[in-house]
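Undergrad: Below is the structure I would like to discuss, written out as structure tokens.
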Amino acid sequence: MNETTNNGLQGKMEISDEVIIEINNMHKWYGEFHVLKNFNLHVKRGERIVICGPSGSGKSTAIRCINRLEEHQQGQIIVDGVELTSDLKHIEATRREVGMCFQHFNLFPHLSVLENCTLAPIWVRKMAKADAEEVAMKYLERVKIPEQALKYPGQLSGGQQQRVAIARSLCMNPKVMLFDEPTSALDPEMISEVLDVMVELAEEGMTMICVTHEMGFAKKVANRVIFMDAGEIIEENEPQEFFNNPQNERTQLFLSQIIQH
Amino acid sequence: MTTDSQYAPGSHPDLPPPASMVGVVGWMRANLFSNTTNSLLTIFALYIIYLLVPPAISWIFINSDWIGEDRSACTSGGACWVFINARLEQFIYGFYPEAERWRIDVSFFLLVALIVPMLMDRFKHKGWLGAVILFVYPVISFYLLAGGSFGLVKVETSQWGGLSLTLIISIVGIVGSFPIGLLLALGRRSKMPAVSAFCTGFIELWRGVPLITVLFMSSVMFPLFLPEGVNFDKLVRALVGVTLFSAAYMAETVRGGLQAIPKGQYEGAEALGLSYWKSMGFIILPQALKHVIPGIVGNFIGLFKDTTLVLIIGLFDFLGIVQAASTDPKWLGYSIEGYVFCAFVYWVFCFGMSQYSQSVERKLHTGHKR
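Line by line, the protein sequences give chains R and C. When we follow this note's numbering, the leftmost residue of the first sequence carries the number 1, and every step to the right adds one. When we follow this note's numbering, the leftmost residue of the second sequence carries the number 1001, and every step to the right adds one.
In structure tokens:
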């Protein structure tokens, strides 16, 4: 990340007042284990939020609750006006509008890159095949790998696969994008090609929630950084304040450990 | 010998492998005579081959009789293929009336004609043709074989037999058990307790009893539970038994494949908003089935060979009819020829299925996992 462009995006982008994700007093347990404790988060349209914290702090679990890959037991999650309950219709409606990228990409290995991108638009959005392919090529160009469209995921590098995964989500024209440690499984050489795509996406005004350890990325694009530990939000602030003037002891310790590397 | 230091770092060229790795001599040294024990084993194996193969070839091909009308033609001391020749029609058609045998031929060649385009890569309308094979063809061939309408003489199923009966039972069993097995496998992994309990119970029940028992129950016990006057055809009962029996095995094979699919694939599909059936149909099953093609074809081959058990409920399949023919006083003493022929035909079909499965595996191989 280029340090001179720090906060380059701040203020450049419009954030509307419309709240698109609303999480109120959410609790989650794995059996006896209390993973998420009184989790509250309001995300406005166009906002970019980075969640960080030590492993096991519940950050992945928290964003996986937003599209109900994990079920919460208490509290309320409202995505784009629809409350997430066990109602399958609501869940599928929410998943259509919320894109997600995973640590291990989760591309479909038996389908070509293009088919990976067109499957959901065709079968969920009921798009015509030709239209879906056109949209897919548009997004594959945006993530800079249109020439790989007919290859299979296994023939691509990790960085290329993650960019395909981003394109696949974008093909559904989502209102929110969730990123669950998108660069953690990548070689150092490939991290920047994925982050570049994510920065571009942020510049276009996409609402994003990223769980990541890339602090440079957080400084550059985030409106808010959230620090989690042991299932709770410990600290929440604008990136400048968060990195330069962390309030909580645990945040200070976490940041000092990251910076040492 | 060249020293590696003669190349500057980063400029080492690709060199050919050493001579002992390539060529016939290299291969023989590596595979047949790599050490003393292996050399001795190689020589021993060659001796065994020498003992067995030439006499077998002589019995089957050289000292055998091929042409003739009855056993008086078999004089040369080798195999008497005249027996097979004379009874071939019966081996294929069983006791199906001679005048009506064209109906079996027609339905067989119709099936071949429908399946050939399915195997060709260039053919575009596989979906439609598949639907015709699965839903239209069985109706046509049922009316053709059973008769009783459209001006065709009714042929009782007790007259069916031979290779054609074996093929009918296996094809119905294979085509019927596959979808049922898929549903059972998905059901057993279902989050709904009732569905999962039913499927588990069904699978364990059918896997827990031998096929002979299933066939015996279907033919002897089942009619006792039916009201007076209602009677299902014996062949239909056998078909249902074979299909459900094989579906239980199929379900467990498919479930093995389902378990090999990483959780991320389910999550990837869910996160895109795909419904359960769509994510199963497009994402999970295609990958799971690809993993277990060898197991599925193994089930099919097993089913094909197990069909011969219908003999115990009085249906004369291929093996049954060959056995019956070799007890005919006119051909006593030639049962070995009958069994060898029988084994050969079974082998051709099973080997064909095996080869086809390997070609499918190669075709579906996208080279890389995840």
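Every residue, glycine too, gets a C-beta built ideally from N, C-alpha and C.
Is any beta-carbon of chain C found at less than 8 Å from that of methionine 190 (chain R)?
TA: Cβ-Cβ to chain C under 8 Å: no for methionine 190 (chain R).
Undergrad: Leucine 1182 (chain C) versus chain R: which residues are under 9 Å apart at the beta carbon?
TA: For leucine 1182 (chain C), no chain R residue has a C-beta closer than 9 Å to its own C-beta; the minimum C-beta separation is roughly 17 Å.
Undergrad: With DSSP as the reference, please indicate the residues paired to aspartate 180 (chain R) in a beta bridge.
TA: R:Val211
Undergrad: Taking the alpha carbon of isoleucine 1092 (chain C) as the reference point, which residue from C:Ser1164, C:His1291, C:His1012 and C:Asp1070 has its own alpha carbon closest?
TA: Closest option to isoleucine 1092 (chain C), Cα to Cα, is C:Ser1164.
Undergrad: As an exercise, report each continuous alpha helix (DSSP H) stretch of at least 4 residues that is fully enclosed by the stretch 57 to 138 of chain R, in chain order.
TA: 59 to 66, 88 to 97 and 113 to 123
Undergrad: List the endpoints of the continuous beta strand (DSSP E) containing lysine 28 (chain R).
TA: 19 to 30
Undergrad: Can you round the beta-carbon distance between valine 1297 (chain C) and serine 1354 (chain C) to whole angstroms, since I take them to be within the 8 Å contact cut?
TA: 6 Å
Undergrad: For histidine 104 (chain R), does the count of other Cβ atoms within 10 angstroms reach 16, so buried, or fall short, so exposed?
TA: That one is buried.
Undergrad: I'd like to know whether the C-beta of methionine 206 (chain R) is nearer than 8 Å to at least one C-beta of chain C.
TA: no
Undergrad: Using a Cβ-Cβ cutoff of less than 8 Å, which residues in the same chain neighbour proline 1294 (chain C) once the five nearest sequence positions on both sides are dropped?
TA: Ser1357 and Glu1361
Undergrad: Taking 8 Å as the threshold (beta carbon to beta carbon), is glutamate 1270 (chain C) in contact with chain R?
TA: yes
Undergrad: Cβ atoms of glutamate 115 (chain R) and isoleucine 78 (chain R): under 8 Å apart, would you say?
TA: no
Undergrad: Which whole-angstrom value is the C-beta distance of glutamine 148 (chain R) and cysteine 101 (chain R), which I expect to be below 8 Å?
TA: Actually they do not touch by this definition, with Cβ atoms about 17 Å apart.
Undergrad: Of all the options R:Leu84, R:Lys138, R:Thr118 and R:Ser184, which has the alpha carbon lying nearest to the alpha carbon of lysine 129 (chain R)?
TA: R:Thr118
Undergrad: I need the boundaries of the beta strand (DSSP E) containing methionine 228 (chain R), first residue and last residue.
TA: DSSP places methionine 228 (chain R) in the uninterrupted beta strand (DSSP E) bounded by 224 to 229.
Undergrad: Kindly list, in the order they appear in chain R, the residues whose Cβ is closer than 9 Å to that of serine 1275 (chain C).
TA: Here the neighbours are Leu88, Glu92, Trp123 and Val124.
Undergrad: For valine 43 (chain R), list the residues DSSP reports as bridge partners.
TA: R:Ile21
Undergrad: Check the DSSP bridge columns for phenylalanine 33 (chain R) and list the partner residues they point to.
TA: R:Tyr30
Undergrad: Return no unless some Cβ of chain C is closer than 8 Å to the Cβ of phenylalanine 102 (chain R).
TA: yes
Undergrad: Taking only three categories from DSSP, how would you classify aspartate 196 (chain R)?
TA: Secondary structure of aspartate 196 (chain R) (DSSP, three-state): helix.
Undergrad: State the DSSP-derived secondary structure class of valine 1175 (chain C), mapped to helix, strand or coil.
TA: helix
Undergrad: Give the range of the beta strand (DSSP E) segment to which glutamate 1156 (chain C) is assigned.
TA: Where glutamate 1156 (chain C) is concerned, there is no enclosing beta strand (DSSP E), given that its DSSP letter is neither H nor E.
Undergrad: Output the residue ranges of the alpha helix (DSSP H) runs that lie fully inside the stretch 1062 to 1145 of chain C and measure 4 residues or longer, sorted by chain position.
TA: Taking 4 residues as the minimum length, the alpha helix (DSSP H) runs contained wholly in the stretch 1062 to 1145 of chain C are 1082 to 1093, 1101 to 1119 and 1126 to 1131, in order along the chain.
Undergrad: Assign threonine 5 (chain R) to one of two classes, buried (16 or more other C-beta atoms within 10 Å of its C-beta) or exposed (fewer than that).
TA: Interpretation of threonine 5 (chain R) is limited by its pLDDT of 44, a score under 50 that renders its predicted location unreliable; the figure taken from the coordinates is listed afterwards. Exposed, by the Cβ-count rule.
Undergrad: Taking isoleucine 233 (chain R) as part of the beta strand (DSSP E), name the residues at either end of that continuous run.
TA: 232 to 237
Undergrad: For glutamine 160 (chain R), which residues from the same chain have a beta carbon less than 6 Å from its beta carbon, with the 5 sequence-adjacent residues on both sides left out?
TA: Cβ within range, chain order: Ile145.
Undergrad: What does arginine 95 (chain R) touch in chain C if you count any residue whose Cβ is under 8 Å from its own?
TA: Glu1270, Ala1271, Leu1272 and Gly1273
Undergrad: For valine 50 (chain R), which residues does DSSP report across the bridge?
TA: Looking at the DSSP output, valine 50 (chain R) shares a beta bridge with R:Cys210 and R:Val225.
Undergrad: For lysine 1305 (chain C), would you say it is in contact with chain R, using Cβ-to-Cβ distances shorter than 8 Å as the test?
TA: no
Undergrad: Just the C-alpha distance for phenylalanine 1304 (chain C) and methionine 1120 (chain C), rounded to the nearest angstrom, thanks.
TA: 24 Å
Undergrad: In chain order, what are the residue ranges of uninterrupted alpha helix (DSSP H) at least 4 long that sit wholly in the stretch 1224 to 1277 of chain C?
TA: 1234 to 1259 and 1263 to 1271
Undergrad: Near tryptophan 1206 (chain C), which residues of its chain fall below 7 Å by C-beta distance, leaving aside the five closest residues on each side in sequence?
TA: Leu1244, Phe1245 and Ala1248
Undergrad: Please determine, among C:Asp1306, C:Ser1107, C:Met1280 and C:Val1153, the residue with the shortest C-alpha to C-alpha distance to isoleucine 1133 (chain C).
TA: The residue with the shortest Cα to Cα distance from isoleucine 1133 (chain C) is C:Ser1107.
Undergrad: Quick one: what does DSSP say glycine 1352 (chain C) is sitting in, helix, strand or coil?
TA: helix
Undergrad: The alpha helix (DSSP H) that contains cysteine 1199 (chain C), what's its start and end?
TA: 1193 to 1208
Undergrad: Do you know how far the Cα of glycine 1026 (chain C) is from the Cα of tyrosine 1007 (chain C)?
TA: 29 Å
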